[in-house]
Amino acid sequence: MKSLKILIIEDEIFIAETIKMYLVERDHEIISIAISYDEAVQSFNLRKPDLVILDIRLYGEKSGIDFANFLITQSETPPYIFLTSQYDTRILEMALKTNPYGYLTKPFQKESLCAAVDAAYNLYSFKMKK
Numbered sequence: 082m083k084s085l086k087i088l089i090i091e092d093e094i095f096i097a098e099t100i101k102m103y104l105v106e107r108d109h110e111i112i113s114i115a116i117s118y119d120e121a122v123q124s125f126n127l128r129k130p131d132l133v134i135l136d137i138r139l140y141g142e143k144s145g146i147d148f149a150n151f152l153i154t155q156s157e158t159p160p161y162i163f164l165t166s167q168y169d170t171r172i173l174e175m176a177l178k179t180n181p182y183g184y185l186t187k188p189f190q191k192e193s194l195c196a197a198v199d200a201a202y203n204l205y206s207f208k209m210k211k
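For the sequence shown, our numbering assigns the number 82 to the initial residue and increments by one for each residue that follows.
If you want it as structure tokens, here you go:
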């Protein structure tokens, strides 16, 4: 798998740093860690990631679902994976309406995170070749 530029959007710093550690071990570059919608938009516009990992609950009023809706309005939407502790069926349905490339629940294992990243990017690459 090629090295990806990944944006992490997670309001819990310990979790964000754990994600970063796991992905850097796999030779991915973490371009930014954002804790809020506004930081996420700024980071996205500055660095154009290959893939985004986002929590649903963020610092501030807007959510990861709001950020996913922002992403799908962009001319080039990278694949994104929700990583969240939100188990509510209504929230899950709202998240799935944005057509994410994956949905992982916390707590997560290193292997499941890395497999989700690989699968999401492979599916994205396949769709782009069509």
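All C-beta atoms in this analysis are idealised placements derived from N, C-alpha and C, irrespective of residue type, glycine included.
Option in the options with minimal Cα separation from residue i
i	options	result
ILE146	ASN180, LEU132, GLU93 and PHE95	ASN180
ASP92	GLN167, ILE100, ASP169 and ASP136	ASP136
PHE148	ASP119, ARG128 and LEU132	ASP119
Whole-angstrom C-beta distance between residue j and residue i, which should lie under 8 Å
i	j	result
LEU152	PHE189	The Cβ separation is near 21 Å, so there is no contact.
ILE89	ILE134	5 Å
SER117	LEU139	5 Å
ILE111	LEU104	6 Å
Bridge partner(s) assigned by DSSP for residue i
i	result
VAL105	DSSP lists no partner for VAL105.
SER113	LEU88
ILE134	ILE89 and ILE162
Start and end residues, beta strand (DSSP E) containing residue i
i	result
TYR184	183-186
LEU22	There is simply no residue 22 to check, as the chain begins at 82 and stops at 211 in what is shown.
Host alpha helix (DSSP H) of residue i (start-end)
i	result
SER206	191-210
Original post:
Any contact of the region 169-183 with the region 193-206, i.e. 3+ C-beta pairs under 8 Å?
Top reply: With the cut-off at 8 Å, the region 169-183 and the region 193-206 touch.
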